[in-house]
Every structure is written in structure tokens, then in C-alpha cells.
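To start, the structure under review is shown below, and the notes come after it.
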Amino acid sequence: MTALDVNALQALVDRTFPDDDFIIAMDQRFEDIGFDSLAVLELGSALEKEFGIPLSEPDLYDCNTFGDLAALISAVSPST
Numbered sequence: 001m002t003a004l005d006v007n008a009l010q011a012l013v014d015r016t017f018p019d020d021d022f023i024i025a026m027d028q029r030f031e032d033i034g035f036d037s038l039a040v041l042e043l044g045s046a047l048e049k050e051f052g053i054p055l056s057e058p059d060l061y062d063c064n065t066f067g068d069l070a071a072l073i074s075a076v077s078p079s080t
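Just so it is clear: in the sequence shown, position 66 is 66 by my numbering, and no numbers are missing.
Pasting the structure below:
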């Protein structure tokens, strides 16, 4: 992950879902931690709001793990 590191993603997940207490792993499947499609969209919205990273709904639905999400973020983030 270049534009957004794992720690920043963890912090965003913690703020977006404060009632959930888990540590993310890149190979962790969303369904294994109880994320449904609505939770993934909520996380995508939080990413866009906080970091200005635009993520389309179809692209978000294609993500099954935090690693998939990290790859998507890297792909759509402007190069620095």
C-alpha cells in the first residue's frame, strides 16, 4: 500500500466501526469479520471522505479482503 498504509487503514476502520474490536490483516476476508456489502460501502465512503480516494461501488464489491482493498486504493491513488 503506497498512498495509505496499513496503520492508517486500521485507524480508519476503528473510527468507522467503533463498536467492533479487531486487528486487520491483509488476507482477512470481510465476511470472516462480519462485514457485509453495506459495511464495505461505508468503509469506502469513509476512505473517500477522509483521504479523497474515490472508490466506485462495483470496485468495492470486487474486494473480498483488506489486501484487495489496499490494492484498489493503490491503483486509484495519484502517484506521489
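By construction, the Cβ of each residue, glycine as well, lies at the ideal position given by its N, Cα and C atoms.
*Identify which residue in 78, 62 and 76 has its Cα closest to the Cα of residue 29.*
62
*Cα-Cα, which of 37, 31 and 47 is closest to residue 14?*
47
_Output needed for residue 54: all residues of its chain with C-beta closer than 6 Å, excluding positions within five of it in sequence on either side, in chain order._
48
*Quick one: measure Cβ to Cβ for residue 26 and residue 66, integer angstroms, because I've assumed they're closer than 8 Å.*
5 Å
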